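**Q**
In my numbering, the protein residues as written are 147 to 456.
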């Protein structure tokens, strides 16, 4: 089975293949599935990838420079993460910070945590299937989207849970992964609460000097940050005292891509006016205090009074 939507290697555009839509479990006709001159219903037998918002789990596999995808258990990854800087164009301060997290064995460490996260998610889904008393082939997910519905790889961006129309559902899988320390927080504005609930992107911009207060005021954001802090205190998962995750997943990716990080950062532990430069994200020590702001949105923050760097 293939992906329903994918990114082309030549142009980087997202493309997909679909059939005429289905109505009442029967494949539709042209007359039934073409609504008007610029609208048609379509259907796919292929699959959609789903990227969980707000979290980042260690990578099972990723592209090495000028190579195809390889699992991080491969010895080539061990060699690369011992000396990865190459042509990444990283600033001296970031290189100094990363050196304390690099070396032989780092790739194997990352892979162990990646497997733990994968198996943890499988367990959560199987437990939900059993609790819902549904056969696996009829079990459904409930997806809640933010302002950006799809990433550049054609994956749906969402918070995902079991589909439970009645009663109170459990926390989303995104949240459960944080609770168990299987995922790092990866909070990207405006795709998490309370920002995704704003009426517009402009309305979602944080008022300068209020980020810390807002992080404490919003129930969902506060709870997520408390789960991460709790997992760290208890030495769960990626915070294990015996085998703590050495490199964050996004660090593995930007090192392998041979480019520096490109998202600015707001410190949710402070009420200041500073947009922290992308290559200084590490100056916010607690993962749950890092709110990443994509470069294209930075002018909105500057217009509202935020200061870049400094």
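All C-beta atoms, glycine included, are put in the ideal place defined by N, C-alpha and C.
Just so it is clear, the structure is predicted and the values come from calculations on it, not from any experiment.
Throw me the rounded Cβ distance for the residue 257 and residue 398 pair, which I believe falls under 8 Å.
**A** Within the chain shown, numbered from 1, the residue matching residue 257 stands at position 111. Within the chain shown, numbered from 1, the residue matching residue 398 stands at position 252. Not quite, the Cβ-Cβ distance comes to about 10 Å (not below 8 Å), so this is no contact.
**Q** Given that a residue counts as buried once 16 or more other Cβ atoms are within 10 Å of its Cβ, and exposed if not, what is residue 163?
**A** Against the chain shown, residue 163 aligns to sequence position 17. The residue in question, residue 163, is exposed, as its Cβ has fewer than 16 Cβ neighbours within 10 Å.
**Q** Classify residue 194 as helix, strand or coil using the three-state DSSP reduction.
**A** If you number the chain shown from 1, residue 194 lands on position 48. Coil at residue 194, not helix or strand.
**Q** Where does residue 300 sit, in a helix, a strand or coil, going by DSSP?
**A** Residue numbering aside, residue 300 sits at position 154 when the chain shown is read from its first letter. In this structure, residue 300 counts as coil in the three-state DSSP scheme.
**Q** Is residue 229 buried or exposed, if buried means 16 or more other CB atoms sit within 10 Å of its CB?
**A** What you label residue 229 is simply residue 83 of the chain shown in a count that begins at 1. Burial call: exposed.
**Q** Can you check DSSP and say which residues form a bridge with residue 285?
**A** Locating residue 285 in the chain shown gives position 139, where the first residue counts as 1. Bridge partners of residue 285: none, in fact.
**Q** With three or more beta-carbon pairs closer than 8 Å as the criterion, would you say the stretch 438-453 touches the stretch 322-342?
**A** Because the criterion of three Cβ pairs below 8 Å is met, the stretch 438-453 and the stretch 322-342 touch.
**Q** Residue range of the alpha helix (DSSP H) that residue 261 falls in?
**A** The residue you call residue 261 lines up with position 115 of the chain shown. Taken as a continuous stretch (DSSP letters only), the alpha helix (DSSP H) holding residue 261 covers 252-278.
**Q** Nearest to residue 351 by CA position, among 450, 313 and 175, is which residue?
**A** Within the chain shown, the letter at position 205 stands for residue 351. For residue 351, the nearest C-alpha among the options comes from 450.
**Q** Can you confirm whether the stretch 190-204 touches the stretch 287-306 when touching is taken to mean that 3 or more C-beta pairs between the two stretches lie within less than 8 Å?
**A** The stretch 287-306 vs the stretch 190-204: in contact.
**Q** Taking only three categories from DSSP, how would you classify residue 384?
**A** Start at 1 with the first residue of the chain shown, and residue 384 comes out as number 238. Looking at residue 384 - three-state DSSP - the assignment turns out to be helix.
**Q** Where do the N-terminal and C-terminal ends of the beta strand (DSSP E) with residue 330 fall, by residue?
**A** Taking the chain shown and counting its residues from 1, the one referred to as residue 330 is at position 184. Residues 330-334.
**Q** Taking three-plus beta-carbon pairs below 8 Å as touching, is the stretch 267-285 in contact with the stretch 314-334?
**A** Because the criterion of three Cβ pairs below 8 Å is met, the stretch 267-285 and the stretch 314-334 touch.
**Q** Based on Cα-Cα distance, which residue from 324, 322, 273 and 342 lies nearest to residue 303?
**A** Position 157 of the chain shown, counting from 1, holds the residue named residue 303. Nearest of 324, 322, 273 and 342 to residue 303, Cα basis: 342.
**Q** Can you confirm whether the stretch 213-225 touches the stretch 237-254 when touching is taken to mean that 3 or more C-beta pairs between the two stretches lie within less than 8 Å?
**A** Because the criterion of three Cβ pairs below 8 Å is met, the stretch 237-254 and the stretch 213-225 touch.
**Q** For the beta strand (DSSP E) that contains residue 439, what are its first and last residues?
**A** In the chain shown, residue 439 corresponds to position 293, counting from 1. Counting along the chain, the beta strand (DSSP E) containing residue 439 begins and ends at 436-439.
**Q** Nearest CA to the CA of residue 223: which residue from 300, 415, 393 and 417?
**A** One-based indexing of the chain shown puts residue 223 at position 77. Nearest of 300, 415, 393 and 417 to residue 223, Cα basis: 393.
**Q** Looking at the unbroken beta strand (DSSP E) that takes in residue 239, where does it start and where does it end?
**A** Taking the first residue of the chain shown as position 1, residue 239 is located at position 93. No beta strand (DSSP E) contains residue 239, which is instead part of the alpha helix (DSSP H) from 238-245.
**Q** Is it true that the stretch 319-328 meets the stretch 371-385, where meeting means three or more beta-carbon pairs spaced less than 8 Å apart?
**A** At 8 Å Cβ cutoff, the stretches touch.
**Q** Would residue 367 pass as a contact of residue 339 if the rule is Cβ separation under 8 Å?
**A** Position 221 of the chain shown, counted from the first residue, corresponds to residue 367. Position 193 of the chain shown, counted from the first residue, corresponds to residue 339. Against a cut-off of 8 Å, the Cβ pair of residue 339 and residue 367 comes out as a contact.
**Q** Exposed or buried, what is residue 171 when buried is set at 16 or more other beta-carbons lying within 10 Å of its beta-carbon?
**A** Translated into the one-based positions of the chain shown, residue 171 becomes position 25. That one is exposed.
**Q** Just to confirm my understanding: we take residue 232, look at its own chain, exclude 5 residues before and 5 after, and list those with CB closer than 8 Å. What are they?
**A** Position 86 of the chain shown, counted from the start, is the residue given in the question as residue 232. Excluding positions up to five away in sequence, the list reads 211 and 404.
**Q** I think residue 439 touches residue 410, with their Cβ atoms under 8 Å apart; what is that distance to the nearest whole Å?
**A** Taking the first residue of the chain shown as position 1, residue 439 is located at position 293. Taking the first residue of the chain shown as position 1, residue 410 is located at position 264. So it is a contact: roughly 4 Å between Cβ atoms.
**Q** Do the CB positions of residue 406 and residue 235 come within less than 8 Å of each other?
**A** As a position in the chain shown, residue 406 is number 260, starting the count at 1. As a position in the chain shown, residue 235 is number 89, starting the count at 1. Cβ distance < 8 Å, so residue 406 and residue 235 count as in contact.
**Q** My parser needs the beta strand (DSSP E) runs of 3 or more residues fully inside the stretch 186-231; what are they?
**A** Taking only runs of at least 3 residues, the beta strand (DSSP E) segments lying wholly in the stretch 186-231 are 196-198, 200-202, 207-209 and 215-217.
**Q** Would you kindly check if the distance between the Cβ of residue 312 and the Cβ of residue 374 is under 8 Å?
**A** Residue numbering aside, residue 374 sits at position 228 when the chain shown is read from its first letter. Residue numbering aside, residue 312 sits at position 166 when the chain shown is read from its first letter. Not closer than 8 Å, so no.
**Q** Out of 237, 453 and 179, which one is the CA nearest neighbour of residue 355?
**A** Translated into positions along the chain shown, residue 355 becomes position 209. Residue 453 is the option with its Cα nearest to residue 355.
**Q** May I have a chain-ordered list of the beta strand (DSSP E) segments no shorter than 3 residues that lie completely inside the stretch 314-359?
**A** Counting whole runs of 3 or more residues, the stretch 314-359 contains the beta strand (DSSP E) stretches 330-334.
**Q** Are the beta-carbon atoms of residue 417 and residue 376 separated by less than 8 Å?
**A** Working through the chain shown from its first residue, we reach residue 417 at position 271. Working through the chain shown from its first residue, we reach residue 376 at position 230. Cβ distance not < 8 Å, so residue 417 and residue 376 don't count as in contact.
**Q** Using a Cβ-Cβ cutoff of less than 8 Å, which residues in the same chain neighbour residue 421 once the five nearest sequence positions on both sides are dropped?
**A** Position 275 of the chain shown, counting from 1, holds the residue named residue 421. Excluding residues within five positions, the ones whose Cβ falls inside 8 Å are 410, 411, 412, 439, 444, 447, 448, 452, 453, 454 and 455.
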